[in-house]
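Here is the structure we will look at.
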Amino acid sequence: MSKSEALNKWVEEIAQLTTPDAIYWCDGSLEERERLIDEAVRKGSAIRLNSELRPSSVLFRSDPSDVARVEDRTFICSKTQEEAGPTNNWMDPQEMKAILRDLFKGSMKGRTMYVIPFCMGPIDSPMSIFAVQLTDSPYVVINMGIMTRMGTEALRKIEEGAEFVPCLHGVGYPLEEGQQDIPWPCAPMEKKYISHFPETREIISFGSGYGGNALLGKKCLALRIGSSIAREKGWLAEHMLILKLTNPQGEVFYICGAFPSATGKTNLAMIQPSLPGWKAETVGDDIAWMHFGEDGRLYAINPESGFFGVASGTSTASNPNAMASVSHDTVFTNVALTDEGDVWWEDIDGPVPEHLIDWQGNDWHKGDAWKPAHPNGRFTVAAGQCPSIADNWEDPKGVPIDAILVGGRRPSTIPLVNESFDWDHGVFLGSVLGSEVTAAVISDKIGQVRRDPFAMLPFSGYNIGDYLAHWLEIGDKSSREKLPKIFSVNWFRRDKDKNFLWPGFGDNSRVLDWITRRLKGEVEAVETPIGLLPKIEDLNLEGLDLREGVMEELLEVDKEAWKQELASIRNHYEGYERIPRRLMDQLDALENRLNEA
Ligand code: OXD
Ligand code: MN
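In the working numbering, the protein residues as written are -16 to 580.
In structure tokens:
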């Protein structure tokens, strides 16, 4: 029980519906986490890793049907379908609630219902949002304890009167009297519902125990409900990293970046600059909430307190800071287990072992045809464990944002870096953000561009056209000098033989260097029909061994390719029904500039 009547009433109501055997209020302590991990190990749903190789760390394996976010089963239940818009699944709120009431009836039988009070954002930040998640999954409690400020302090704020967002979650696997539990209980796909009620600010998730479907503070609250609140209150809830950069002169810049999945977002958030004298620090790797300060600038907080990162591909070469972060006190999910009791995944450091236990618990031998770690296998780790975490990452005021990057994986057409002419043009660049579909994703769409405006396609809690209109309105609230400058970037341009033209990773600091010099007005840009591009001599390429002509290719504006791009953008905009007039004007203006060039 708490001192909040509203909370007690809701907990009681849900307990009556779901009939758990016990109710447990989480305090968020480390002892509590250890106890839950011990219980999970005893019950066979987790494995303790070798404490010498990976101290205080644990491995969970999910059900093979429950390995990722399920966009087809994710719903925005606003009053009208138009409000949810053409890119979201919609269901009438009453209809959805009736379905969920039936599914939740008796669904926690034989289990404990955990009450998780939590805060998205630093506890004392005026930008933070309080919430309470009810769940019957100890895995969720363990992960929420890392990813959010969970427990006693958040509860105290709620007891003192802070509003909270109710988040109900259940795995959908009740236990009959004497029934043996299974390592990863969940419901079949057709019974999974990840549902959001933007008007009443509620989240109800049934049937999945994994990631963004179940850790309701992340995609559900911080992005989908968050974006709906942000629209109403005049701020931005975005799928963006936050990076702190210090140049050799000691000047500090804060940069947010929107990147669709599989485009190296966590790597950029934890970049080790190859340019001497530069320092990069991490404020956030996935989500940014940006509010106007009294000075008219946008200030960002990272609402999360941990990283839920994709393990595959992470190595000392691609992301040394992530590797150091997960060296202890980490929860791993769906990666492989070595004979020594450590974790393994694709491209991790060192040789491929002769034998592993795969993510489903089966023996795997070198040369076997399948991948031993699931490609969406994850690590959950406290942000404070990251060597590159900025000392002010929890500043309740947030950090003032100087620039916003939007970037996708584009083998052609989009240059290495392109500064927008102004805010509206920057919103245009964000609205057409696209990424080439790779073989790893959907095989019949390889090579096609999937548009993902500001990387928010699966995360906008309301009509995507209105979402873009909101971005334009944000620009109307302040002046040009105070708003962040918007840049498009593309680390993935390829030559005719499909080789990457740009080295990427730490060398992306060379692009960041140019961006900061543009922010300071130190260098001129080349005005082109598509935006402001660098003069090659203004990019610091010292120590890079690039073949002759590569920079010209990386910055080329290919008129023929842009004609196709224009047609593709028109097509994309048509599907969005409510695209703002100002963005259509941007598109027309781009076409005119290309025709005149
Ligand atoms: C994530 C995602 O897990 O974007 O961050 O899917
Ligand atoms: Mn994400």
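Backbone N, C-alpha and C fix where the C-beta goes; we use that ideal spot for every residue, glycine too.
If the criterion is Cβ atoms closer than 8 Å, does the pair residue i and residue j meet it?
i: residue 79; j: residue 211; result: no
i: residue 514; j: residue 69; result: no
i: residue 543; j: residue 105; result: no
i: residue 176; j: residue 82; result: yes
i: residue 363; j: residue 130; result: yes
i: residue 227; j: residue 366; result: no
i: residue 381; j: residue 283; result: yes
i: residue 583; j: residue 471; result: Residue 583 falls outside the range modelled here, since the chain spans only -16 to 580, and no answer is possible.
i: residue 199; j: residue 188; result: yes
i: residue 438; j: residue 416; result: yes
i: residue 46; j: residue 167; result: yes
i: residue 581; j: residue 327; result: What the structure shows of the chain is the stretch from -16 to 580, and residue 581 is not part of that stretch, so it cannot be assessed.
i: residue 258; j: residue 414; result: no
i: residue 540; j: residue 511; result: yes
i: residue 124; j: residue 141; result: no
i: residue 478; j: residue 484; result: yes
i: residue 95; j: residue 7; result: yes
i: residue 295; j: residue 358; result: yes
i: residue 578; j: residue 65; result: no
i: residue 88; j: residue 158; result: no
i: residue 238; j: residue 492; result: no
i: residue 621; j: residue 330; result: The structure shown has nothing for residue 621, since the chain only spans -16 to 580.
How big is the Cα-Cα spacing for residue i and residue j?
i: residue 10; j: residue 564; result: 50 Å
i: residue 516; j: residue -5; result: 59 Å
i: residue 323; j: residue 336; result: 10 Å
i: residue 315; j: residue 55; result: 25 Å
i: residue 272; j: residue 224; result: 10 Å
i: residue 480; j: residue 474; result: 17 Å
i: residue 73; j: residue 63; result: 8 Å
i: residue 523; j: residue 496; result: 8 Å
i: residue 108; j: residue 250; result: 27 Å
i: residue 41; j: residue 308; result: 14 Å
i: residue 151; j: residue 530; result: 56 Å
i: residue 103; j: residue 561; result: 31 Å
i: residue 59; j: residue 137; result: 27 Å
i: residue 423; j: residue 122; result: For residue 423, the pLDDT reaches just 45, beneath the cut-off of 50, and the residue's location in the model is therefore unreliable, leaving the point undetermined.
i: residue 135; j: residue 100; result: 7 Å
i: residue -1; j: residue 161; result: 21 Å
i: residue 23; j: residue 244; result: 30 Å
i: residue 600; j: residue 120; result: Since the first residue shown for the chain is -16 and the last is 580, residue 600 is missing from the structure and cannot be characterised.
i: residue 450; j: residue 76; result: 21 Å
i: residue 402; j: residue 537; result: 14 Å
i: residue 425; j: residue 418; result: Low local confidence applies: a pLDDT of 39 at residue 425 is under 50, so the model's placement there is unreliable, with the coordinate-based value given in what follows. Taking the straight line from one Cα to the other gives about 12 Å.
i: residue 303; j: residue 311; result: 14 Å
i: residue 230; j: residue 580; result: 36 Å
What do you reckon, is the C-beta of residue i under 7 Å from a heavy atom of the ligand OXD?
i: residue 55; result: no
From what residue to what residue does the beta strand (DSSP E) around residue i run?
i: residue 228; result: 223 to 229
i: residue 289; result: 289 to 293
i: residue 468; result: 468 to 472
i: residue 264; result: 262 to 267
i: residue 434; result: 432 to 434
i: residue 273; result: 271 to 275
i: residue 188; result: 185 to 189
i: residue 281; result: 281 to 284
i: residue 387; result: 386 to 390
i: residue 240; result: 235 to 241
How is the alpha helix (DSSP H) around residue i delimited, first residue to last?
i: residue 87; result: 76 to 87
i: residue 501; result: 492 to 502
i: residue 551; result: 542 to 558
i: residue 411; result: 406 to 414
i: residue 135; result: 135 to 142
i: residue 152; result: Looking at the DSSP string, residue 152 is not in any alpha helix (DSSP H); the run it does join, the beta strand (DSSP E), is 147 to 153.
Cβ-heavy atom distance between residue i and the ligand NAD below 7 Å?
i: residue 525; result: Although the ligand NAD was asked about, the structure shown includes only the ligand OXD and the ligand MN as ligands.
Compare the C-beta of residue i with all C-beta atoms of chain B and state if any pair is closer than 8 Å.
i: residue 503; result: Any reference to chain B falls outside this structure, which holds one protein chain only.
Worksheet item: Near the ligand OXD, which residues have their beta-carbon less than 7 Å from any of its heavy atoms, given in chain order?
Response: 52, 194, 195, 202, 222, 244, 269, 291
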